[in-house]
Amino acid sequence: ILDSTSHRKFEFTYLPETEYMGRILTVISYKSKGKVDDRRFNGKIYIDQDSYAVVWIKEDGRLIIPLLIRPILFALGIELNSISYAMELKMRPIINRWYPQFTHWDVIIDIKKKHLFGKNEKAKFRIKQELQTPEFFTQDVLKIPESKLFDSEKKMSEQVFPIPGVTW
Numbered sequence: 001i002l003d004s005t006s007h008r009k010f011e012f013t014y015l016p017e018t019e020y021m022g023r024i025l026t027v028i029s030y031k032s033k034g035k036v037d038d039r040r041f042n043g044k045i046y047i048d049q050d051s052y053a054v055v056w057i058k059e060d061g062r063l064i065i066p067l068l069i070r071p072i073l074f075a076l077g078i079e080l081n082s083i084s085y086a087m088e089l090k091m092r093p094i095i096n097r098w099y100p101q102f103t104h105w106d107v108i109i110d111i112k113k114k115h116l117f118g119k120n121e122k123a124k125f126r127i128k129q130e131l132q133t134p135e136f137f138t139q140d141v142l143k144i145p146e147s148k149l150f151d152s153e154k155k156m157s158e159q160v161f162p163i164p165g166v167t168w
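This note's numbering applies: residue 1 is where the sequence shown begins, and numbers increase by one.
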C-alpha cells in the first residue's frame, strides 16, 4: 500500500492525529480504487511520528474470485456469494523498538452448493485467528548459536531441534 509503485491504485486521506502509548501517531486512511490483488479493501495505517514506524494497521475487505476460477466453481456447482475479512495488526514499543503485540483476522465465507434436482445447500463460515505476544524478555537473552540458525539451503527436517520444556 505504501509502496510508491502502487499509490495510483488507492485513495489516501490524512485523518486527525491520535495518541497511542504516549506517542503521537499520524493516521492515513486508504481505500482501493478498484480490484488490487484480487480484493477490494480499505483501512487505516497509524505511523509513529518519532520513529516513522507503522505501529497499527486496521483493514476490512472483500476477496474477488479470479475469472479463471469461476468456471471451475460453476462446474462443481459451488457459488461463493462473498468472502469478507477484517484484519488488525498492533505493535508496542519496548526499549525504543516496535514489536508485535497482537494480530487478529476474521474471515467470513458465504457459500452455496447447487444441486440439479435437489435443494441447494447454504453455509456460512466464520474463521477467526488471533496471535498475542503478552511478554518479551529483554534481559539475559541468549544468542541463538550459528549452527541452529535457519538455512534455506538445507532440509527443514535437519533444522528442527527440541527445546527443553516445550511440547507440541
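Quick reminder that beta carbons are idealized off the backbone N, C-alpha and C, glycines included.
Looking at the backbone, the Cα of Ala86 and that of Arg92 are separated by about 20 Å. The continuous beta strand (DSSP E) containing Leu89 extends over residues 78 to 94. Nearest in C-alpha terms to Phe102, of all of Phe117, Lys58, Leu63, is Lys58. Taking every protein chain shown into account, the CB of Gly61 has 16 or more other CB atoms within 10 angstroms, so this residue is buried.
In this structure, DSSP gives Glu153 a state outside helix and strand, which the three-state scheme calls coil. Looking from the CA of Ile108, the closest CA among Ser32, Ser84, Pro162 belongs to Ser84.
With contacts defined by Cβ atoms closer than 8 Å, Lys31 and Glu17 do not form a contacting pair.
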